[in-house]
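The next block holds one structure in the form of structure tokens; read it before the comments.
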Ligand code: PNS
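Given below as structure tokens:
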């Protein structure tokens, strides 16, 4: 069901797992829009290689966004444009870390604009402390027994370590 009176933004991503960098973007988006949907989405380039199931990723996001009244978590296996259309969202919010992110993000933004012209892609520049941070960096460090407490919200540190240590055994 769409809600035309409220400005809804979608923050899509793989979130495998959610990091402090993601949370920073979600918190900032929640100040700009009436409602933010954090959408665990399907990235064909990463299919079959995720560490966390969709349900686990959603649970981790729920745990770290509990303090944000206007944020909900959902998942969608198909096209992002279809989801935007269905929910009446007016924006896709993405974080941009570096120039290296730009070409890929630009391509997706243009494709989504063609598929669903009513929504805009809004890029938020990442906070300087999260410039280098990605889910793959977190997985690599944790998998090798390193300390990831600077990279993931403390509420989910144990959940992530438990899974990634198990995986690397
Ligand atoms: O966190 P990621 O993996 O960089 O996020 C990429 C994601 C999941 C947002 C992107 O792959 C996506 O939008 N997937 C949904 C399927 C889709 O609509 N593909 C066409 C995008 S132009």
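In this note's numbering, the protein residues as written are 674 to 842.
Where a beta carbon is used, it is the ideal one built from N, C-alpha and C, also for glycine.
| field | Own chain residues within Cβ distance below 6 Å of residue 754, not counting five before or after | value | Indexing the chain shown from 1 puts residue 754 at position 81. Cβ neighbours of residue 754 beyond the five flanking positions: 785, 788 and 789.
| task | Determine the burial state of residue 711: buried for a count of at least 16 other Cβ atoms within 10 Å of its Cβ, exposed for fewer. | result | As a working mapping, residue 711 is identified with position 38 in the chain shown. When all chains shown are included, residue 711 counts as buried.
| query | CB residue 757 to CB residue 683, shorter than 8 Å? | reply | Residue numbering aside, residue 757 sits at position 84 when the chain shown is read from its first letter. Residue numbering aside, residue 683 sits at position 10 when the chain shown is read from its first letter. Contact flag set, yes.
| task | Would you please state the rounded distance, in angstroms, between the beta carbons of residue 690 and residue 825? I believe it to be under 8 Å. | result | Residue mapping note: residue 690 aligns to position 17 of the chain shown, counting from 1. Residue mapping note: residue 825 aligns to position 152 of the chain shown, counting from 1. About 7 Å separates the two Cβ atoms, so the contact holds.
| query | Less than 7 Å between the CB of residue 726 and some heavy atom of ligand 1, yes or no? | reply | Taking the chain shown and counting its residues from 1, the one referred to as residue 726 is at position 53. Residue 726: no, Cβ never under 7 Å from ligand 1.
| said: Looking at residue 782: is its Cβ nearer than 8 Å to the Cβ of residue 798? | reply: On the chain shown, position 109 is the one that residue 782 refers to. On the chain shown, position 125 is the one that residue 798 refers to. No, they are not a contact pair.
| said: Could you check if residue 685 belongs to the surroundings of ligand 1, using beta carbon to heavy atom distance under 7 Å? | reply: If you number the chain shown from 1, residue 685 lands on position 12. Residue 685 Cβ: within cutoff of ligand 1.
| field | Proximity below 8 Å, CB of residue 709 to CB of residue 743 | value | Here residue 709 refers to the residue found at position 36 of the chain shown. Here residue 743 refers to the residue found at position 70 of the chain shown. Yes, the Cβ-Cβ distance between residue 709 and residue 743 is below 8 Å.
| message | Quick check on the DSSP output: the alpha helix (DSSP H) that includes residue 812 runs from which residue to which? | response | On the chain shown, position 139 is the one that residue 812 refers to. Element bounds for residue 812: 808-816.
| By how many angstroms is the C-alpha of residue 821 removed from the C-alpha of residue 811? | For the purposes of this step, residue 811 is identified with residue 138 of the chain shown, where counting begins at 1. For the purposes of this step, residue 821 is identified with residue 148 of the chain shown, where counting begins at 1. For residue 811 and residue 821, the distance between alpha carbons rounds to 6 Å.
| message | Counting C-beta neighbours from all protein chains within 10 Å, is the total for residue 804 16 or more, i.e. buried, or is it exposed? | response | The residue you call residue 804 lines up with position 131 of the chain shown. Under this definition residue 804 is an exposed residue.
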